[in-house]
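Numbering (this note's numbering), first residue to last: 2 to 177.
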């Protein structure tokens, strides 16, 4: 209004005041949009972190089952040793069973070797998963800090808008 009263010399001030007001409004809108995006990102990271925990539990279950298989293999081997100490007739039958058992043992040794390799791979995967989980937690913490900074910026933009309005009121007191 004062710019209009000032005539031609007040037009420049009016344009500058409008541009400052528009910039403050745009900054405020962008700050809110960034805050919403960061909150969405934080929710996604939390969901991924939960999925990683479920995978770790499944690997733990697989490790337990592998231990049970090893235990059963030892029980079977012990029972076969007891049978071989029986009579000669049983010994002949046991010879055949032993031959078969050796084949099974060779196969199970290969399986045991393979299962050890699987356990080692699972251990490396569990370690990588834990590292990924730690990284995700770091990212979530960073997102929290960015959200906080965005909110602080948004508050500063609001104060700037108020101060610009007050400054416009104060400048309007002076007439050319």
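The C-beta atom is built at its ideal place from N, Cα and C for all residues, glycine as well.
Less than 8 angstroms between C-beta atoms, sequence neighbours within five positions excluded: which residues of the same chain meet that for residue 123?
Counting only Cβ-Cβ distances below 8 angstroms, and skipping sequence neighbours, we find 60, 63, 64.
On a Cα-Cα basis, can you pick out the residue from 140, 96, 165 that is closest to residue 47?
Among 140, 96, 165, the Cα nearest to that of residue 47 belongs to 140.
Between the Cα of residue 31 and the Cα atoms of 148, 170, 164, 174, which residue gives the shortest distance?
The shortest C-alpha separation from residue 31 is found at 148.
May I ask you to report which of helix, strand or coil DSSP gives residue 175?
Coil, per DSSP.
Near residue 29, which residues of its chain fall below 8 angstroms by C-beta distance, leaving aside the five closest residues on each side in sequence?
Only 155, 158, 159, 162 meet the Cβ criterion.
Thinking C-beta only, is residue 49 closer than 8 angstroms to residue 151?
Not in contact: residue 151 and residue 49 (Cβ atoms no closer than 8 angstroms).
What is the rounded straight-line gap between the Cα of residue 70 and the Cα of residue 128?
Cα-Cα distance, rounded: 24 angstroms.
Give me the Cβ distance between residue 145 and residue 43, rounded to the nearest whole Å; I'm assuming they're in contact under 8 angstroms.
With a Cβ gap of about 7 angstroms, residue 145 and residue 43 count as contacting.
Nearest to residue 56 by alpha carbon, out of 131, 167, 166, 25?
Nearest C-alpha to residue 56: 131.
Using a Cβ-Cβ cutoff of less than 8 angstroms, which residues in the same chain neighbour residue 45 once the five nearest sequence positions on both sides are dropped?
Taken in chain order, the list of residues that qualify is empty.
Our contact map puts residue 165 next to residue 21 with C-beta atoms below 8 angstroms; I'd like the distance itself, whole angstroms only.
Going by Cβ atoms, the distance from residue 165 to residue 21 rounds to 5 angstroms, so yes, they are a contact pair.
Quick check: what's the CA-CA separation for residue 133 versus residue 38?
Cα to Cα, residue 133 sits roughly 22 angstroms from residue 38.
Let me make sure I understand the geometry here. Which of 23, 19, 68, 33 has the alpha-carbon closest to that of residue 153?
Residue 33 is the option with its Cα nearest to residue 153.
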